[in-house]
Structures are given as C-alpha cells and as structure tokens.
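2 protein chains.
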Amino acid sequence: MAGRTNAPGQSVSQRLLAVLDCFDVAHPALTLTEVATRSGLPISTARRLINELRDWGGLERLDDGRYRIGIRLWTIGSLAPQQRGLREAALPYMHDLFQATQENIQLTVLEDTHALCIEKISSTKAVPTRTHIGGRLPLHATGVGKAILAFSGEELLSSITRAGLARMTPYTIIQPGRLAATLAEVRKSGVAYSHEEMTLGAVSVAAPVVGLDGRVHAALGIVAHSRSAVDRLAPAVRTAALGIARWIS
Amino acid sequence: MAGRTNAPGQSVSQRLLAVLDCFDVAHPALTLTEVATRSGLPISTARRLINELRDWGGLERLDDGRYRIGIRLWTIGSLAPQQRGLREAALPYMHDLFQATQENIQLTVLEDTHALCIEKISSTKAVPTRTHIGGRLPLHATGVGKAILAFSGEELLSSITRAGLARMTPYTIIQPGRLAATLAEVRKSGVAYSHEEMTLGAVSVAAPVVGLDGRVHAALGIVAHSRSAVDRLAPAVRTAALGIARWIS
Chain A
-16 MAGRTNAPGQ
-6 SVSQRLLAVL
4 DCFDVAHPAL
14 TLTEVATRSG
24 LPISTARRLI
34 NELRDWGGLE
44 RLDDGRYRIG
54 IRLWTIGSLA
64 PQQRGLREAA
74 LPYMHDLFQA
84 TQENIQLTVL
94 EDTHALCIEK
104 ISSTKAVPTR
114 THIGGRLPLH
124 ATGVGKAILA
134 FSGEELLSSI
144 TRAGLARMTP
154 YTIIQPGRLA
164 ATLAEVRKSG
174 VAYSHEEMTL
184 GAVSVAAPVV
194 GLDGRVHAAL
204 GIVAHSRSAV
214 DRLAPAVRTA
224 ALGIARWIS
Chain B
-16 MAGRTNAPGQ
-6 SVSQRLLAVL
4 DCFDVAHPAL
14 TLTEVATRSG
24 LPISTARRLI
34 NELRDWGGLE
44 RLDDGRYRIG
54 IRLWTIGSLA
64 PQQRGLREAA
74 LPYMHDLFQA
84 TQENIQLTVL
94 EDTHALCIEK
104 ISSTKAVPTR
114 THIGGRLPLH
124 ATGVGKAILA
134 FSGEELLSSI
144 TRAGLARMTP
154 YTIIQPGRLA
164 ATLAEVRKSG
174 VAYSHEEMTL
184 GAVSVAAPVV
194 GLDGRVHAAL
204 GIVAHSRSAV
214 DRLAPAVRTA
224 ALGIARWIS
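This is how it looks when you write it as structure tokens:
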C-alpha cells in the first residue's frame, strides 16, 4: 500500500483501508507505531489517518495509548447481509445445541479461502479452541471448513491445495489426495470431522447448511474433548444444520 | 462533506467515510445515484470511492446494481470491544428469556444520544417492532432507552431534552418534567417501561446492566403486546440484567 503514492486520490483511500486492515482477532489493539509497521505507512501518515478514523468513530483510543476498532464500524458492519438472516435463523438452534451439550458451538461462512466464524457460543467448561467471532479458520483442518469445502466444488479445493495445506498439528491432513478422499466421505455422510487436526486435544464435528439452490451457505460445528463425544453429537449437528437450512430457504 | 474539497488528503478520507455513512438499517442497499445524493458527492467521485471499497471487500454489488455493506466490514466491525464481552455474557440470558416468553428480547448500549441495538432475539409470533441489530432507538420513548437514561446522569438527559423530545406516538412523553419524574421512578424500581410510546400496540419493559463501577453498560428489554404481559415479565428482565452485570464484572 505504501508504494502506491503516485495517484494521490487512490492512495489515500487505500491507505485508510490499510490502517483498518492492521486490526484482526490476533491484533485487536495496536499502537501508532504498530499500525505504521503493519500497514507500511510513514508514522505521520498513519497518525493522520488514525485521527480521521477516530473523529469518525471508527477507531477509539485506549488509556494506554493503543487504538481499537470503534462502535461506528460495528454498526456499519452489522449491515452486511450474509450474517443477518443466517445468524438470526441459526442462533436458536445453536443455543439448543449448547444447552444439550455445553460444548463450543460455531457458525462459519466461506470467506475467500477460509471459514469465517460469524457466531460462537461457548462456556468456561468447554474445551479451549482457537476460534473467535470474526476469526478465520483453515478449511482443510477444521470440521466446519471441511463441511464447506466438501460442498463447494472442485475449484475451491484446487485453489487451497495449490496454496499448500498448512500443518496445524501432527494430525492435519496435508496430502491433497487424502483430503479429497475425506471430502468424498463428507459428501456421503453429510458430516465432517476434525480429529485434533486444528488444535491438539480438540475434536470437532460439523454439518453444512445447504440452501434450496444447492449452495452451501454456512457450516455449523461443535468442538468437544473426545472422538466419542463428537460421534455421539453428529446426528444433533446435522439435524440442526438442516433446520437452519429450511429456515433460511 | 462535499464542501471540504480544499485539503485533498483530508477530503478523500472523509469522502470515503461519507460513502459508508450513507448505509444504515433503513438503507441497507443503495444505488450509485443514491450514494451520491446522500453523501453530497459528485457521481464520478462516488463511483470511484464505491469501486475502491468494492475492491477491498467493504461493499458488494447486487444483481440489480445496488450496493450493500460487505463481509470485510463485518469482520473488522466485529473487533469492536464494547459488544464482544457483553454480547457473549448476555446471549445465554437472552435465550432463556426468549424460551420462557417467545417475545422480542433486545440488548442495547448507549451510542451518543441513542440506544443502539447490539443483539435481538425474536420470532414470527412476537409483536412487530422497529428494532434491528445495528439500529438506533430514541432514549426517551423506549424501555431500554429509559433504563439507560435513568442511570446515566443529568448531562445526557439535559442534552436530549435540549435537542427536543420527538413524539413517536400519541403516548410518547415529550414534557421534560414528566420524563424526569418517570426516570426517578425507574431509579427506584430498577425497571423502565414504554407503554406504546415508541410503537402503537407494543409495550416494553427493560432493566439496566450496571457494572461494579456504577456505570450503566447496557439495557436488556422485552417488547410484548400488552401491559399485563410486561408487568408479569418485569422481574424476569431485572433478574437477567443482574445476571449479565455479575457476569461482566
């Protein structure tokens, strides 16, 4: 972004968006210097853009001098339509699953080549996971990711295998052929598993939310401690995903 | 915004944010012309900024040519911290209330001089309301608004009475003295009502979520059909709000 300084109009917009891009689930609060470093902008430019975003309400300054995303961006972001109807349809099912299991319940959608978590219900008793609302999960290493991948066509699979299947744990499937075979299983059974492939000690089962158009809108998953737990929970997850699909259709 | 064209650096950022400001709950999808009109920008400028936001993922183009907020802004907005912990603490209580009542359950926070709805659970059977996630409600005409207002100090009350108390229905309290007396009642009882003051046919009861610091973080409300329903539900709403307050403290 910092390189595109020749077209003044274009570069200012892109620089402003580059400042926003610095923030993510792993970096929810940043200093001015961190924003400058992550965006590649000079400190003075970063300071000016941060101040403009602050004036607007898109960023807030913490007492320790760091900045974080402000309520204005939350309000505008909440207008994004993918989540609105889907979340409202899914939440009752998610809470039923949570009440029945007390485990982590996750709702994800496809964003580029990741599963984006748009809703999560958990408790302090559930197994710790790496998932946060707004966070991204690899498609090949998670139950929700594989549920989306299995019903999304060859092109997406080719694209993520071309990019390389990152090894998250010793159990992650990193061979394209083995992944393809697993996805064929998912299409047959309607549920996808991750056996400690994303996080050691965490096992998941997920089912796709498929619309009447045959398109996969989302995946609903449970993360639990043991393989026997997720085996037992698979029918519940699949039933809830079918219920959500019927609701949004 | 359109007038500030003399400082090129400043104006581009502000114009970009002005494009985003065109979208709200009442206007989730807009044509290029509508964006230009609402932002006061020339069509050519609006088109360029829309395209930059599209390239980034902040806007999406619909088949009918209109634009709407994209998933990229949702992801960044979800990093706003006010909502994160509060929503996660509140959702289980909200679902319990919903299961017990099947009525509209709302969670709101103070944003400037409005109650901003950050979570809502409803069903097709519940009474229709004007509330959407990300939508703003007047403080003086709603249960959740009065619950926040009653515990927010004199300054906020002065500011909204100075701006004028808009009449939403024939039952809206528009006299500052009567509003102040109502708020004194709310401080005594711990619950706030709206008796068709926002929407004819809709009655609400709400309770503040007050932290250990004495600050009101949010208000939890139920909107129902009848005065007797909300009278009966008041203790449940208050109990749930106390539970949320304990959870976040």
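Protein chains in written order, with my numbering: chain A, -16 to 232; chain B, -16 to 232.
Don't be surprised by glycine CBs; every beta carbon is placed ideally from N, CA and C.
May I ask you to report which of helix, strand or coil DSSP gives residue i?
i: arginine 44/B; result: strand
i: lysine 108/A; result: coil
i: serine 209/A; result: coil
i: proline 25/A; result: coil
i: proline 153/A; result: coil
i: serine 141/B; result: helix
i: serine 135/B; result: coil
i: aspartate 214/B; result: helix
i: leucine 90/B; result: strand
i: histidine 123/A; result: coil
i: alanine 98/B; result: strand
i: aspartate 7/A; result: strand
i: alanine 63/B; result: coil
Say whether chain B places a C-beta atom closer than 7 Å to the C-beta of residue i.
i: isoleucine 116/A; result: yes
i: valine -5/A; result: yes
i: serine 142/A; result: no
i: glutamate 94/A; result: yes
i: isoleucine 59/A; result: yes
i: isoleucine 54/A; result: yes
i: tryptophan 39/A; result: yes
i: lysine 108/A; result: no
i: leucine 45/A; result: no
i: alanine 130/A; result: no
i: leucine -1/A; result: yes
i: leucine 24/A; result: no
i: leucine 62/A; result: yes
i: proline 111/A; result: no
i: proline 11/A; result: yes
DSSP puts residue i in a beta bridge; with which residues?
i: arginine 51/B; result: Ala12/B and Glu43/B
i: glycine 117/B; result: Answer by DSSP bridge pairing: none, since glycine 117/B is not bridged.
i: serine 187/A; result: Ser177/A and Val206/A
i: valine 169/A; result: Answer is none; valine 169/A lacks a bridge partner.
i: lysine 129/A; result: According to DSSP, which records beta bridges pairwise, lysine 129/A is partnered with nothing at all.
i: alanine 201/A; result: Val192/A
Counting contacts by CB-CB distance shorter than 7 Å, is residue i in contact with chain A?
i: glutamate 35/B; result: yes
i: arginine 51/B; result: yes
i: leucine 3/B; result: yes
i: histidine 97/B; result: no
i: histidine 78/B; result: yes
i: phenylalanine 6/B; result: yes
i: proline 121/B; result: no
i: proline 218/B; result: no
Within a Cβ cutoff of 8 Å, which residues of the same chain sit near residue i, ignoring the five residues on either side of it in sequence?
i: arginine 55/A; result: Trp39, Gly40 and Gly41
i: asparagine -11/B; result: Residue placement at asparagine -11/B is poorly supported in this model, since its pLDDT is 36, which falls under 50; the coordinates still yield a value, given next. So no residue of the chain qualifies.
i: alanine 146/B; result: Thr96
i: lysine 103/B; result: Asn87, Ile88, Gln89, Leu90, Thr114, His115 and Ile116
i: arginine 150/B; result: Ile157
Closer than 7 Å by C-beta to residue i: which residues in its own chain qualify, once you throw out the five before and the five after it? Chain order, please.
i: serine 105/B; result: Asn87
i: leucine 93/A; result: Ile131 and Ser135
i: leucine 99/B; result: Thr91, Val92 and Arg119
i: isoleucine 33/B; result: Val2, Leu15, Val18, Leu42 and Tyr50
i: isoleucine 143/A; result: Thr96, Leu122 and His123
Given residue i, which residues of its chain have a CB within under 6 Å of its CB, disregarding the five upstream and five downstream residues?
i: leucine 73/B; result: The sequence as given places alanine at residue 73/B; leucine does not occur at that position. Excluding positions up to five away in sequence, the list reads Leu90 and Ile227.
i: histidine 208/B; result: Val110
i: tyrosine 176/A; result: Gly126 and Val188
i: glutamate 17/A; result: none
i: proline 191/A; result: Ala130, Phe134, Val199 and Ala202
i: phenylalanine 6/B; result: Ile52
Taking a Cβ distance cut-off of 9 Å, strictly less, list which residues of the region 170 to 181 of chain A are near chain B, in chain order. Going along the region 170 to 181 of chain A in chain order, one finds no residue with a Cβ nearer than 9 Å to chain B.
Pull out every residue of the region 177 to 208 of chain A whose Cβ sits closer than 7 Å to any Cβ of chain B, in chain order. Those residues of the region 177 to 208 of chain A that come within reach of chain B (Cβ to Cβ, closer than 7 Å) do not exist; the list is empty.
Could you run through the region 157 to 170 of chain B and flag, in chain order, every residue whose CB is less than 8 Å away from some CB of chain A? Residues passing the 8 Å Cβ filter: none.
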